[in-house]
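Participant: Mind having a look at this structure? Questions to follow.
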Amino acid sequence: MAVGSGATSRWGLRVLGLGYILLLLLLPLGLIFYKTFEHGIAPPLDAITSPDGLHALKLTLLMVAIAVPLNTIFGIGCALLLVRHRWWGNPIIDAIINLPFAISPVVIGLSLFLLYGTTGWFEPALAEAGIKVLFSVPGMVIASVFVSLPFVVRETVPVLQEIGTEQEQAASTLGANAWQTFWRITLPAIRWGVAYGVVLTTARVLGEFGAVSVVSGSISGQTQTLPLFVEKQYENFNLPGAFGASVLLALLALMTLLAMNFLKRKEDA
Amino acid sequence: MGISVEGANKRFGDFQALEDVSIEVPTGSLTALLGPSGSGKSTLLRAIAGLESLDSGTVLIDGDDVGSKPTQKREVGFVFQHYAAFKHMTVYENVGFGLKIRKWDKKKISQRVHELLDLVQLPGLADRYPSQLSGGQRQRMALARALAVQPQVLLLDEPFGALDAKVRKDLRSWLRNLHDEMHVTTIFVTHDQEEAMDVAGQLVVMNEGRVEQSGTANDLYDHPANEFVMSFVGEVNQLGEHFVRPHDMEIVLDADDRTQEGLVQRIVTLGFEVRVELVLSDGTEVWAQLTRAELQRLELREGQIAYLRPIQAKSFNGSSPSGHGASTPHGSNDGGDAEIPAAV
Chain A
1 MAVGSGATSR
11 WGLRVLGLGY
21 ILLLLLLPLG
31 LIFYKTFEHG
41 IAPPLDAITS
51 PDGLHALKLT
61 LLMVAIAVPL
71 NTIFGIGCAL
81 LLVRHRWWGN
91 PIIDAIINLP
101 FAISPVVIGL
111 SLFLLYGTTG
121 WFEPALAEAG
131 IKVLFSVPGM
141 VIASVFVSLP
151 FVVRETVPVL
161 QEIGTEQEQA
171 ASTLGANAWQ
181 TFWRITLPAI
191 RWGVAYGVVL
201 TTARVLGEFG
211 AVSVVSGSIS
221 GQTQTLPLFV
231 EKQYENFNLP
241 GAFGASVLLA
251 LLALMTLLAM
261 NFLKRKEDA
Chain B
1001 MGISVEGANK
1011 RFGDFQALED
1021 VSIEVPTGSL
1031 TALLGPSGSG
1041 KSTLLRAIAG
1051 LESLDSGTVL
1061 IDGDDVGSKP
1071 TQKREVGFVF
1081 QHYAAFKHMT
1091 VYENVGFGLK
1101 IRKWDKKKIS
1111 QRVHELLDLV
1121 QLPGLADRYP
1131 SQLSGGQRQR
1141 MALARALAVQ
1151 PQVLLLDEPF
1161 GALDAKVRKD
1171 LRSWLRNLHD
1181 EMHVTTIFVT
1191 HDQEEAMDVA
1201 GQLVVMNEGR
1211 VEQSGTANDL
1221 YDHPANEFVM
1231 SFVGEVNQLG
1241 EHFVRPHDME
1251 IVLDADDRTQ
1261 EGLVQRIVTL
1271 GFEVRVELVL
1281 SDGTEVWAQL
1291 TRAELQRLEL
1301 REGQIAYLRP
1311 IQAKSFNGSS
1321 PSGHGASTPH
1331 GSNDGGDAEI
1341 PAAV
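Chains as they are written, first to last, in my numbering: chain A, 1 to 269; chain B, 1001 to 1344.
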């Protein structure tokens, strides 16, 4: 009998798949929730609503608010260039865009040091202008943008390829200029690809640890995002604080996923 | 509102898509661009719409050189083979798209869209999405969308190519009637010679990026300029250097000095028409088109010997064929009528 053809083997595969997910994904996450609320809601809530905790939350949301729109605009533009304009350099650009996936975030953080650090290339000019990049918000934004750059491009390119150019050409014969065609035809046609890219970008920026950790210096109440706050609390043996912030992070990510599902369901109805 | 193209050239890499193409489409006519795939007919149509740029040559619409105008300013209606329906819009929004771009007010758009949906026989489907329509309905929606903006010219790129045979036939006669009502200058690309002859008043036959001949369906059929046109427009048999239509092949049972001997291989009855396939002594395979009555009179059977007498033949070659009694004007550009010489 061929593999996977019988009812028994189908069930076997199902149990195996579910078991894998349960053991590696759901169990650890569930334990975090359990540990967080083990002694009631007060200890984690206190940790999150502490001045440092609130600041970390605000800073994390600020990263999302800056990095996600930037990478969305860049991602759509870049996908359009890659798919709609034939150029010999396209494969190279395509490969370079994947770099943030391939390189460890810590290395990305260190590379930013080489550019913006005290002996970095851009240091003299920036110092003169009075702009501080490292150990402050600009550096963290750059790191967040860097690590989450490929998502929108990667999700948009295949959708653009699939819709083809005929609808856009039809719009132009009907009098629409390039801008009108983009807003009325192209963007609506690729919107779910873009939306999925945005969700992945948001999740990545929310959770980014390595690169941001290197460039921020993780100064409490100043350059500490939620993931850095979690680490600090854990190091200080403040487990309720660490778990509380972790749950908050998980909830934020969950909310973006649910928001997309909700919009999509509304669209389909 | 006529269209004329002069000296159009277009190359895609090594492929010469258009080679010094000139065509003249009179105002209000319905013209077919006919040719096999890769003949350049679609490229020419797209160049007229501005969807493709020419390497050289000019496109005039209503006497106006539109070479420097982008597509959206050429006021052409374009219908694509695969409909190019806006999938995220309803039928109503699709048809009203061009009007919305032109900033018509809502009431006027609504009036015009419903007029057009009546015209293309899709009333009551305004709120459907393209995915809920059949292929024929989608193409009629696409046509309504193109007509909504009252284009100067209407360009149709294999508009029925993706539809099944029955729907295609219905839409053909429907399009012809529509054109009789609207009188908008229309160019229609197709690879189907029957479709071209059925729909269009004027035909332009293209091959390998060049215009082979243009004229009415009768012109092309009766006076083909060359071998390609003769064999592409209508069926043809080749006997040496001569081309004979299957209905110009007479079958007789007695040989004379103007017949050729052939072995009847197959007899296919297609309703009124009968196809008789023969092999000549030199191995050439030909077929003759007979009526049922002729077949019955001849009492032909598969496997027997019969004699072929071409009533009318054409030759496009300058060299004179051997044989007796053949008067053959050769070398003229519109093909020569020739009598076939007897078997050697």
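Just so you know, even glycine gets a beta-carbon here, dropped at the ideal spot from N, CA and C. All of these numbers come straight from a predicted model, not from anything done at the bench.
Assign W192(A) to one of three DSSP states: helix, strand, or coil.
Facilitator: In the first sequence, counting from the first residue as 1, residue 192(A) sits at position 192. W192(A): helix per DSSP, three-state reduction.
Participant: Quick one: give me the first and last residue of the beta strand (DSSP E) that R1074(B) is part of.
Facilitator: In the second sequence, the residue the question calls residue 1074(B) occupies position 74. That residue, R1074(B), is in no beta strand (DSSP E); it is neither H nor E in DSSP.
Participant: Determine, using beta carbons only, whether H1247(B) and Q1289(B) come nearer to each other than 8 Å.
Facilitator: Within the second sequence, numbered from 1, the residue matching residue 1247(B) stands at position 247. Within the second sequence, numbered from 1, the residue matching residue 1289(B) stands at position 289. Contact: yes.
Participant: Quick check on the DSSP output: what are the complete alpha helix (DSSP H) runs of length 4 or more inside the stretch 199–269 of chain A, in order along the chain?
Facilitator: Within the stretch 199–269 of chain A, the complete alpha helix (DSSP H) runs of at least 4 residues are 210–216, 226–235 and 239–268.
Participant: Can you tell me which residues form a DSSP beta bridge with M140(A)?
Facilitator: Along the first sequence, one-based indexing puts residue 140(A) at 140. Answer by DSSP bridge pairing: none, since M140(A) is not bridged.
Participant: Less than 8 Å separating the beta-carbons of G1077(B) and L1163(B)?
Facilitator: The residue you call residue 1077(B) lines up with position 77 of the second sequence. The residue you call residue 1163(B) lines up with position 163 of the second sequence. No, these two residues do not count as a Cβ contact at 8 Å.
Participant: Can you tell me whether A95(A) is buried or exposed? The criterion is at least 16 other CB atoms within 10 Å of its CB, across all chains shown.
Facilitator: As a first step, residue 95(A) must be located in the first sequence, where it is residue number 95. That one is exposed.
Participant: So the beta strand (DSSP E) Y1307(B) belongs to, where does it begin and stop?
Facilitator: Locating residue 1307(B) in the second sequence gives position 307, counting from the first residue. First-last of the beta strand (DSSP E) with Y1307(B): I1305 to P1310.
Participant: Quick check: the stretch 155–170 of chain A against the stretch 73–91 of chain A, are there 3 or more CB pairs under 8 Å?
Facilitator: Yes, the stretch 155–170 of chain A touches the stretch 73–91 of chain A.
Participant: Are there 16 or more other CB atoms within 10 angstroms of the CB of Y20(A), so buried, or fewer, so exposed?
Facilitator: The residue labelled residue 20(A) in the question sits at position 20 within the first sequence. By the neighbour-count rule (16 or more Cβ atoms within 10 Å), Y20(A) is not buried but exposed.
Participant: What does T1071(B) touch in chain A if you count any residue whose Cβ is under 7 Å from its own?
Facilitator: Within the second sequence, the letter at position 71 stands for residue 1071(B). Correct list: S172 and T173.
Participant: In or out: S1322(B) buried (at least 16 other Cβ within 10 Å) or exposed?
Facilitator: Sequence index remark: in the second sequence, residue 1322(B) carries index 322 (1-based). For S1322(B), the predicted model reports a pLDDT of 36, less than 50, meaning its position is unreliable and no value from the coordinates is stated.
Participant: In chain order, which continuous runs of the alpha helix (DSSP H) of length 4 or greater are located wholly inside the stretch 1203–1277 of chain B?
Facilitator: Whole alpha helix (DSSP H) segments, 4+ residues: 1217–1222 and 1227–1232.
Participant: So, does the CB of A1084(B) fall closer than 8 Å to a CB anywhere in chain A?
Facilitator: Here residue 1084(B) corresponds to residue number 84 of the second sequence, with the count starting at 1. Yes, contact with chain A.
Participant: Spell out the partners DSSP gives E1302(B) in its beta bridges.
Facilitator: Looking up residue 1302(B) in the second sequence gives position 302. In DSSP, E1302(B) forms no bridge with anything.
Participant: Quick one: grab the DSSP three-state call for K1107(B).
Facilitator: Walking along the second sequence from the start, residue 1107(B) turns up at place 107. Looking at K1107(B) - three-state DSSP - the assignment turns out to be helix.
Participant: Between E166(A) and chain B, is any beta-carbon pair separated by less than 8 Å?
Facilitator: In the first sequence, counting from the first residue as 1, residue 166(A) sits at position 166. Yes, E166(A) counts as interfacial toward chain B.
Participant: Which residues of chain A have a Cβ atom closer than 8 Å to the Cβ of F1078(B), listed in chain order?
Facilitator: Reading the second sequence from its first residue, position 78 is the one you call residue 1078(B). Within chain A, the residues near F1078(B) are Q169, A170 and T173.
Participant: On the premise that T181(A) lies in contact with E168(A), defined as a C-beta separation below 8 Å, what is that separation, rounded to the nearest angstrom?
Facilitator: As a position in the first sequence, residue 168(A) is number 168, starting the count at 1. As a position in the first sequence, residue 181(A) is number 181, starting the count at 1. Yes, E168(A) and T181(A) are in contact; Cβ-Cβ is about 5 Å, under 8 Å.
Participant: For L1117(B), which three-state DSSP category applies?
Facilitator: Here residue 1117(B) refers to the residue found at position 117 when the second sequence is read from its first residue. Of the three classes helix, strand and coil, the one that applies to L1117(B) here is helix, per DSSP.
Participant: In the DSSP assignment, find the beta strand (DSSP E) that holds N1009(B) and state where it starts and stops.
Facilitator: Sequence index remark: in the second sequence, residue 1009(B) carries index 9 (1-based). It spans I1003 to F1012 - the beta strand (DSSP E) in which N1009(B) sits, taken as one unbroken run.
Participant: Alpha carbon to alpha carbon, how far is V1059(B) from F1015(B)?
Facilitator: For this step, residue 1059(B) is matched to residue 59 along the second sequence. For this step, residue 1015(B) is matched to residue 15 along the second sequence. In a straight line, the C-alpha of V1059(B) is about 21 Å away from that of F1015(B).
Participant: Below 8 Å on the Cβ atoms is my guess for S1043(B) versus K1010(B); work out the distance and round it to an integer in Å.
Facilitator: Taking the second sequence and counting its residues from 1, one reaches residue 1043(B) at position 43. Taking the second sequence and counting its residues from 1, one reaches residue 1010(B) at position 10. Looking at the sequence provided, one finds Thr at residue 1043(B) rather than Ser. Between K1010(B) and T1043(B) the Cβ distance is about 6 Å, and since that is below 8 Å, they are a contact.
Participant: Within this structure, are the beta carbons of A67(A) and V212(A) separated by less than 8 Å?
Facilitator: For the purposes of this step, residue 67(A) is identified with residue 67 of the first sequence, where counting begins at 1. For the purposes of this step, residue 212(A) is identified with residue 212 of the first sequence, where counting begins at 1. Their beta carbons are not under 8 Å apart, which means A67(A) does not touch V212(A) by this criterion.
Participant: Among all the DSSP beta bridges, which residues are the ones paired with L1133(B)?
Facilitator: For the purposes of this step, residue 1133(B) is taken as the residue at position 133 of the second sequence. In DSSP, L1133(B) forms no bridge with anything.
Participant: Does any residue of chain A have a CB that is nearer than 8 Å to the CB of G1098(B)?
Facilitator: Residue mapping note: residue 1098(B) aligns to position 98 of the second sequence, counting from 1. So, interface residue.
Participant: Exposed or buried, E1299(B), counting other C-beta atoms within 10 Å across all chains shown (16 or more means buried)?
Facilitator: As a working note, residue 1299(B) is residue 299 in the second sequence. Exposed, because fewer than 16 other Cβ atoms sit within 10 Å of the Cβ of E1299(B).
Participant: State the DSSP-derived secondary structure class of F1015(B), mapped to helix, strand or coil.
Facilitator: The sequence position of residue 1015(B) within the second sequence is 15, counting from 1. Three-state DSSP puts F1015(B) in a strand.
Participant: Less than 8 Å between the CB atoms is what I'm expecting for S246(A) and K232(A), so what's the real figure, rounded?
Facilitator: Taking the first residue of the first sequence as position 1, residue 246(A) is located at position 246. Taking the first residue of the first sequence as position 1, residue 232(A) is located at position 232. S246(A) to K232(A), Cβ: 12 Å. No contact.
Participant: Please tell me whether N90(A) has its Cβ less than 8 Å away from any Cβ of chain B.
Facilitator: For the purposes of this step, residue 90(A) is taken as the residue at position 90 of the first sequence. Chain B, which has no Cβ nearer than 8 Å to the Cβ of N90(A), makes this no.
Participant: Chain A beta carbons: is any one of them nearer than 8 Å to that of K1166(B)?
Facilitator: Taking the second sequence and counting its residues from 1, the one referred to as residue 1166(B) is at position 166. Not one chain A Cβ lies under 8 Å of K1166(B).
Participant: Counting only beta-carbon separations shorter than 8 Å, does V1025(B) have a partner in chain A?
Facilitator: As a working mapping, residue 1025(B) is identified with position 25 in the second sequence. It does not: the Cβ of V1025(B) has no partner Cβ on chain A nearer than 8 Å.
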